[in-house]
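Enquirer:
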Amino acid sequence: GAGVSQSPSNKVTEKGKDVELRCDPISGHTALYWYRQSLGQGLEFLIYFQGNSAPDKSGLPSDRFSAERTGGSVSTLTIQRTQQEDSAVYLCASSPSSGRVETQYFGPGTRLLVL
Amino acid sequence: AQRVTQPEKLLSVFKGAPVELKCNYSYSGSPELFWYVQYSRQRLQLLLRHISRESIKGFTADLNKGETSFHLKKPFAQEEDSAMYYCALLGAGNMLTFGGGTRLMVKP
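From first to last, the protein sequence lines stand for chains X and V.
Under this note's numbering, the first residue of the first sequence carries the number -18, and numbering increases by one thereafter.
Under this note's numbering, the first residue of the second sequence carries the number 930, and numbering increases by one thereafter.
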């Protein structure tokens, strides 16, 4: 079946502009995660959604970052007033439930470059 | 706090040689550990998890709580094993904490 999809695959923006990154999880998966993969920082957790519960935002690096998940499916990660240090690959993952050992399935990522 | 350390950024071996990718973790509770792999131009995918005690593509990993390690091993490396390998810990909450990754290069 279809895996996690993300769009756009690449995004180039100017410093100070806002960007929106989209994630379509695997159908039926209730848990959705955003991670960031950057040079020198490795893979870091950003935010986690589980069903209709309030999201775990503990990994968001600043208040310029926000995310929402509409209808328990598609998620959008928004970065306001982008900075050069926001340049990274943003990965989305989903899992069937919030079970502790559920496998997280990753999307291909969105490569963001802030000039 | 939870932390995962992969001390080697790059590991280069010849085909047929044994390989061990090191992973150490720091976590006060009972950890659940995973190895994820990212092949060239492919997405990150699960390789194996300690709770399953399985061998995938010839790879195994044993959780050693005394040494707080979860090293990934394969007795005979193949060229197609060349990839980026990430050790990850599922601790508090449901997010994964990743190590910095080790690039494995298997030379012919």
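Idealized CB from N, CA, C, for every residue including glycine.
All figures in this text were calculated on a predicted structure; none of them were measured in a lab.
(1) Please return the same chain residues whose Cβ sits closer than 6 angstroms to the Cβ of L94/X, not counting the five positions on each side in sequence.
(2) If you compare alpha carbons, which of S(-10)/X, P42/X, L27/X is closest to R970/V?
(3) State the CB to CB distance for the pair L72/X and Q18/X, rounded to an integer number of angstroms; the pair is presumed to be in contact (CB under 8 angstroms).
(4) Enumerate in chain order the residues of its own chain whose CB-to-CB distance from S955/V is below 6 angstroms, with the five nearest sequence positions on each side excluded.
(5) Quick check: the segment 2 to 9 of chain X against the segment 989 to 1007 of chain V, are at least 3 beta-carbon pairs closer than 8 angstroms?
(6) Using the Cβ count rule (16 or more neighbours within 10 Å means buried), how would you classify G1028/V?
(7) Going by C-alpha to C-alpha distance, which of G958/V, Q974/V, R982/V sits closest to K1002/V?
(8) Who are the neighbours of Q61/X on chain V, taking C-beta pairs under 8 angstroms?
(9) Excluding the 5 residues preceding and the 5 following S(-12)/X in the sequence, name in chain order all residues of the same chain whose CB lies nearer than 6 angstroms to its CB.
(10) So, is the C-beta of Y71/X closer than 9 angstroms to a C-beta in chain V?
(11) By the criterion of Cβ-Cβ separation under 7 angstroms, what are the contact partners of T989/V in chain A?
(12) Under a three-way DSSP split, which group does Q65/X fall into?
(13) Taking DSSP as the reference, what is the three-state secondary structure of E1009/V?
(14) List in chain order: all unbroken beta strand (DSSP E) runs of 3+ residues lying wholly within the segment 966 to 1005 of chain V.
Expert: On the basis of the data shown:
(1) V(-7), S68
(2) S(-10)/X
(3) 6 angstroms
(4) R932
(5) no
(6) buried
(7) R982/V
(8) The contacting residues do not exist; Q61/X stays about 23 angstroms from chain V at best.
(9) R3
(10) no
(11) The structure shown contains no chain A; its protein chains are X and V.
(12) helix
(13) helix
(14) 974 to 978, 1001 to 1003
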